[in-house]
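Student: In order, the protein sequence lines correspond to chains A and B.
For what it's worth, our numbering labels the leading residue of the first sequence as 1, then goes sequentially.
For what it's worth, our numbering labels the leading residue of the second sequence as 1001, then goes sequentially.
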Amino acid sequence: MESIFNGIGKFGPAGLVLQAILVSLLGIFLLVGFIVLRRWYRGRYFRRRNERTVALRAQWDEILSGKISAEDWRFNPLDCDIVESILLDSIEMSPADKLSPLLNCLRVSGLLDMRIYQARTSRGWKQRTALLTLGRTRAMEAIPALVEGLDSRLRETRIAAVRGLGRTARMEAAIPILDRIVIGQFDAPERSLKNALVNCCRTCPEILVTYIEHTHGPVRVLLARVLGELASPELGEELLVLAADPLPEVRASAARALGNTNTSYTLPALHSLASDAEWFVRLRAVVALGQIENLGKINILLRALCDANRHVRQRAAWALAQMEPHIEQILEDVVATKDDYALQALVSELERSGAIEKFVGGLDGSDHQSAQTALMEVVAEARKRVELTGKAMAAAAAGAH
Amino acid sequence: MHFLAISNDTLFVYYVVSNVIYLGLLIVAIVKNVRHRHRLGSQRLELVRASPFTPPITLIVPAHNEERSIVSSVGALLGLEYPSLEVIVVNDGSSDATVENLRQAYQLQTARILYIADITTAPLHAIYRSPLDPRLFVLDKEAAGCKADAINAGINAASSPYICVVDADSILEKESLIRIMAGVFADPGRVMAVGGIVRVLNGSRVVNNQIEEVRLPKSPIEVMQVIEYLRAFLVGREGWAGFNMLPIISGAFGVFQRDLVMQVGGFRTHAVGEDLDLVIRMHRRLQEQGRSYHIDFIPDPTCWTEVPTDLKSLARQRARWHKGLIDTLWPNRDMLFRARYGRVGWLVLPYMWIFEFFAPVIEVVGYSTIVLALITGVLSKSFFLQFLLFGYAFATLISIGSVLLEEMTFRRYSNWREVARLLIYCFFEHFPYRQLTMIWRLQGIWQYLRGDLQWGQMKRVGISTNPAA
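(1) Mind checking whether L1372 of chain B and I1178 of chain B have CB atoms under 7 Å apart?
(2) Measuring alpha carbon to alpha carbon, tell me which residue in B:V1419, B:P1131, B:L1246 and B:Q1435 is nearest R1318 of chain B.
(3) The alpha helix (DSSP H) spanning D1169 of chain B covers which residue range?
(4) List the residues of chain A that G989 of chain B touches, going by C-beta distances under 8 Å, in chain order.
(5) When the cut-off is 7 Å and only beta carbons count, does R191 of chain A lie next to chain B?
(6) What's the C-alpha gap between D1334 of chain B and V1017 of chain B?
(7) Rounded to the nearest angstrom, how far is the Cβ of A403 of chain A from that of R115 of chain A, given a contact under 8 Å?
(8) From which residue to which residue does the beta strand (DSSP E) around F1256 of chain B run?
(9) Please classify R1237 of chain B as buried or exposed, where buried requires at least 16 other C-beta atoms within 10 Å of its C-beta.
(10) Need the endpoints of the alpha helix (DSSP H) that Q59 of chain A sits in, please.
(11) Please tell me whether T1396 of chain B has its Cβ less than 7 Å away from any Cβ of chain A.
(12) Here's the rule: buried if 16 or more other CB atoms are within 10 angstroms of the residue's CB, otherwise exposed. What is R1199 of chain B?
(13) Kindly indicate if chain A contains any beta-carbon less than 7 Å away from that of Q1257 of chain B.
(14) Please state if the CB of V209 of chain A and the CB of A252 of chain A are separated by a distance shorter than 7 Å.
(15) For G1041 of chain B, return the contacting residues in chain A, with the cut-off set at a CB-CB distance below 9 Å.
(16) Round the Cβ separation of A288 of chain A and A255 of chain A to the nearest angstrom and send it over; I've been treating them as touching at under 8 Å.
(17) For a test of the three-state rule: what should DSSP assign to N1091 of chain B, helix, strand or coil?
(18) Helix, strand or coil: how does DSSP classify L1085 of chain B here?
(19) I need the DSSP call for I1298 of chain B, collapsed to helix, strand or coil.
(20) Determine which residues share a DSSP beta bridge with D1140 of chain B and list them.
(21) Output the distance between the C-alpha atoms of H1038 of chain B and L1349 of chain B, rounded to the nearest integer angstrom.
(22) Is W73 of chain A buried or exposed, if buried means 16 or more other CB atoms sit within 10 Å of its CB?
(23) V32 of chain A to N50 of chain A, Cα distance in whole Å?
(24) Output needed in chain order: residues of the region 1366 to 1391 of chain B with a Cβ under 7 Å from some Cβ in chain A.
(25) Of the residues A:R167, A:N309, A:D79 and A:V241, which one's Cα is nearest the Cα of L283 of chain A?
(26) Opposite Q1109 of chain B in the DSSP bridges: which residues?
(27) In this structure, what does DSSP give as the bridge partners for L1058 of chain B?
(28) Under 7 Å, do L305 of chain A and A316 of chain A count as touching if we go by C-beta distance?
(29) With DSSP as the reference, label V1378 of chain B as helix, strand or coil.
(30) Mind pulling the beta strand (DSSP E) runs of 3 or more residues that sit fully within the region 150 to 235 of chain A?
(31) Check each residue of the region 206 to 232 of chain A: if its Cβ is closer than 7 Å to any Cβ of chain B, include it; give the result in chain order.
(32) Looking at the unbroken alpha helix (DSSP H) that takes in V1279 of chain B, where does it start and where does it end?
(33) Would you list the one or two residues that DSSP bridges to E1213 of chain B?
(34) State yes or no: is the beta carbon of E148 of chain A nearer than 7 Å to at least one beta carbon in chain B?
(35) What number of angstroms, rounded off, separates the C-alpha of P1217 of chain B from the C-alpha of M1224 of chain B?
(36) R38 of chain A touches chain B at which residues, Cβ-Cβ below 8 Å?
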């Protein structure tokens, strides 16, 4: 049998291997050359960019007021890029009442129109960059071009449009997104949608309630989750309707939203949600209870401290541990429940926050020495029992493993 | 003669196929990298930071005899930019002052927090918390002789839906967690795990637990590892992830869905390569469930780690890595060429068997038979030289390709001298460095067959006492 080597070798110096060597060496030469040239080019570019940035910054007020005509910088790509990035950064950092001269400069110079044109006619990354840039302008006239991006057949472009609309932080930008979500055929990452809606609906969360009423399933959950972040006391009884929603995720979001309100109905609603069948709804309710200022929450939290779910217990303990002036009474009430896990959760939380030392120190100086000793003995005993149970559970888990 | 001819042919085909695969990975990696950079342009990290929808994450730091670097490492981890972070250091029965140093630096106090071992681990001595920073917990456990057991203890104690395992002797860049989680945010329902890049810390200047200036190390053995890491991560992992077939997420830096890790029983105790083992078991589980999933690699979140500075430590590390490879491939051999394991069973695992596990054996046999064929005249001298030159030039091309990827993306080595050094060392990676690693990998096979599964000690300089610092 003839070896492949000899077969190829027959071709002599012009053989495949020799060609491969040459191609490889050429590849090495090209790669090294590319790296060197690229470094040199980038070094030169950034040097020039720095120089031009300093020069344009020095003339910034004139550029903004139009004393220096846009024609002077608009047709130089580097200058145009620098001015646009300075403008966009300033727009992002400026309050709404200071936006006017910045937006005016974008409009008068034609930068805004250029980006709108690119968003509508370009394809690929250029279009996506234009969409995101339009979002950063926060200009009303950018919204229609961004909305067109929502209907692109390319997912990346749709995501860029969602992000762009989110960055405008305008309620008008939320509506096209919401309209498409409600139909249920809009494919974009949930996180991008939620972030965009949070930004756009911040000043007007009521709009979400209207849409939630007309949606079902995952879309309803998504909108409720956004509402959970934005809810304000103005939402009023609409939150109560959501708190009674058949979907547990919506109830959890309602609980989260209720944490931002402190009205007459907040506590009863959270009381009801803290007894929900789903543990994560109870958890959200307990977290919300921790946020509101109302002594009536203590009893609800004490019940949550005996919850079957450890996350709920932990959060309830966390919320109770924050109520320092009432901690002595709370601890006595917890001991009275005879629930070792509840006691353990509370003591752990007091230890975690450092309140236990203060509490024990306070007891030492008071007149009820015997009561305090007894209380601490109960705590120690409960802790021991819980640790033993924990070890037994671990041993059982090890056995099962 | 006949045997020599077959052997030479086999080696020729083997070498060409392995390099063509790597060239394919390089091309895919370049494309994926460019797309990632475009995508990054549309994500502003401060928005991720401020978003209420950013999920919490638990950093698990297994530590065994890390007294020199543990305090600075934990300091760096607590300083990471991420809105909801928990750091769990698991002291795996250190015989040095690891816990003591942490206790002093962070005023640790015993916390009697209930701990339930969903994944069985060696018993815990204590759980400590830091009043200075409530995000820090330290689990002090009995030594189990393996990193996996320590990580499992951390997973049991973790309270976040995502866990990130970080080596105690490593430094994460400030934005690395946000950047790595960007991979998860892209599609939280499908992305089960994400790996970041691990880079060589040796030689760089570290100030306040952060990399102040990235420099190449001085010694050739360390620079070789820089190139090796660049090639392995920016070409290998990026390429495999591009095909959605990433077989490994580095134990030094990776994010995993906690529930999935729990489902597969956590990290396998006493696995020599616990990171590779976990990812393969995750693939197995997800393929068996018929789920649509993605295990990704993101090239910009960076973890800096110390690499061996002497040949002895490097030899031990490479032997261990190879033992880890066998230790994972053998128990999972039933996945090979099975339809239910899809691309993992048909492509990744066969690749790992043939081009990773058997590579040192095939190369040693190949080199021997080529020389023998040359002596006996089966192979012409000119062709022998041509073949050697081709193999060398092609492999060097791939190494330079990885430096190009570094240049196109992150340009951490900023001055010309460093880049020139990197490029020059690329020409030495495949001779003689590759042959050395081949010997070490053979040692790994031998040790595994003998039943020696020890990790071995690595000589460390320590981050805070880094000579360049």
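Glycine is no exception: its CB is placed at the ideal position from the N, C-alpha and C atoms.
Tutor: Straight from the coordinates:
(1) Taking the second sequence and counting its residues from 1, the one referred to as residue 1372 of chain B is at position 372. Taking the second sequence and counting its residues from 1, the one referred to as residue 1178 of chain B is at position 178. Contact: no.
(2) What you label residue 1318 of chain B is simply residue 318 of the second sequence in a count that begins at 1. Out of B:V1419, B:P1131, B:L1246 and B:Q1435, B:Q1435 has the C-alpha closest to the C-alpha of R1318 of chain B.
(3) The sequence position of residue 1169 of chain B within the second sequence is 169, counting from 1. D1169 of chain B -> no alpha helix (DSSP H), and no H or E assigned at all.
(4) The question about residue 989 of chain B has no answer, for chain B in this structure spans 1001 to 1469.
(5) For the purposes of this step, residue 191 of chain A is taken as the residue at position 191 of the first sequence. Taking Cβ atoms only, chain B reaches closer than 7 Å to R191 of chain A, which makes this a yes.
(6) Here the question's residue 1334 of chain B lines up with position 334 in the second sequence. Here the question's residue 1017 of chain B lines up with position 17 in the second sequence. C-alpha separation (whole angstroms): 24 Å.
(7) Because chain A here runs from 1 to 401, residue 403 of chain A falls outside it and cannot be looked at.
(8) Position 256 of the second sequence, counted from the start, is the residue given in the question as residue 1256 of chain B. F1253 to Q1257 is the extent of the beta strand (DSSP E) around F1256 of chain B.
(9) Stepping through the second sequence from its first residue, residue 1237 of chain B is reached at position 237. Its Cβ being crowded by 16 or more others within 10 Å, R1237 of chain B is buried.
(10) In the first sequence, counting from the first residue as 1, residue 59 of chain A sits at position 59. Q59 of chain A -> no alpha helix (DSSP H), and no H or E assigned at all.
(11) Counting from one through the second sequence, the residue named residue 1396 of chain B turns up at place 396. Yes, T1396 of chain B counts as interfacial toward chain A.
(12) Locating residue 1199 of chain B in the second sequence gives position 199, counting from the first residue. Classification of R1199 of chain B: buried, given that the 10 Å Cβ count is 16 or more.
(13) Numbered from its first residue, the second sequence carries residue 1257 of chain B at position 257. Judged by the 7 Å Cβ criterion, Q1257 of chain B is not in contact with chain A.
(14) Translated into the one-based positions of the first sequence, residue 252 of chain A becomes position 252. Translated into the one-based positions of the first sequence, residue 209 of chain A becomes position 209. The answer is no: Cβ separation not under 7 Å.
(15) Along the second sequence, read from residue 1 onward, the residue named residue 1041 of chain B stands at position 41. Residues of chain A passing the Cβ test: W125, R128, T129 and L132.
(16) What you label residue 288 of chain A is simply residue 288 of the first sequence in a count that begins at 1. What you label residue 255 of chain A is simply residue 255 of the first sequence in a count that begins at 1. Going by Cβ atoms, the distance from A288 of chain A to A255 of chain A rounds to 5 Å, so yes, they are a contact pair.
(17) Mapped onto the second sequence, residue 1091 of chain B falls at position 91. The three-state reading of DSSP puts N1091 of chain B in strand, counting E and B together.
(18) In the second sequence, residue 1085 of chain B corresponds to position 85, counting from 1. Strand, per DSSP.
(19) On the second sequence, residue 1298 of chain B is found 298 positions in, with the first residue counted as 1. Here I1298 of chain B sits in strand by DSSP.
(20) Numbered from its first residue, the second sequence carries residue 1140 of chain B at position 140. Answer by DSSP bridge pairing, in chain order: B:N1091 and B:A1126.
(21) Locating residue 1038 of chain B in the second sequence gives position 38, where the first residue counts as 1. Locating residue 1349 of chain B in the second sequence gives position 349, where the first residue counts as 1. Taking the straight line from one Cα to the other gives about 32 Å.
(22) Your numbering for residue 73 of chain A matches position 73 in the first sequence. Buried, since its Cβ has 16 or more Cβ neighbours within 10 Å.
(23) In the first sequence, the residue the question calls residue 32 of chain A occupies position 32. In the first sequence, the residue the question calls residue 50 of chain A occupies position 50. Taking the straight line joining both Cα atoms gives about 27 Å.
(24) V1378, L1379, S1380, F1383, Q1386, F1387, L1389 and F1390
(25) Translated into positions along the first sequence, residue 283 of chain A becomes position 283. Between L283 of chain A and the set A:R167, A:N309, A:D79 and A:V241, the nearest pair of CA atoms involves A:N309.
(26) By 1-based counting over the second sequence, the position of residue 1109 of chain B is 109. According to DSSP, Q1109 of chain B bridges with B:R1129.
(27) Within the second sequence, numbered from 1, the residue matching residue 1058 of chain B stands at position 58. Reading off the sequence, residue 1058 of chain B comes out as Thr, not Leu. Paired residues: B:E1086 and B:I1163.
(28) For the purposes of this step, residue 305 of chain A is taken as the residue at position 305 of the first sequence. For the purposes of this step, residue 316 of chain A is taken as the residue at position 316 of the first sequence. A contact, by the Cβ cut-off of 7 Å.
(29) Position 378 of the second sequence, counted from the first residue, corresponds to residue 1378 of chain B. V1378 of chain B: coil per DSSP, three-state reduction.
(30) Secondary structure remark: continuous beta strand (DSSP E) runs of at least 3 residues inside the region 150 to 235 of chain A: none found.
(31) E229
(32) Translated into the one-based positions of the second sequence, residue 1279 of chain B becomes position 279. Taken as a continuous stretch (DSSP letters only), the alpha helix (DSSP H) holding V1279 of chain B covers E1274 to E1288.
(33) Numbered from 1 along the second sequence, position 213 holds the residue referred to as residue 1213 of chain B. DSSP, once it has assigned bridges, lists B:R1205 as partnering E1213 of chain B.
(34) Residue numbering aside, residue 148 of chain A sits at position 148 when the first sequence is read from its first letter. Chain B contact via Cβ: absent.
(35) Here residue 1217 of chain B refers to the residue found at position 217 when the second sequence is read from its first residue. Here residue 1224 of chain B refers to the residue found at position 224 when the second sequence is read from its first residue. Each residue's Cα considered, the two are about 10 Å apart.
(36) In the first sequence, residue 38 of chain A corresponds to position 38, counting from 1. E1407 and M1408, listed in chain order.
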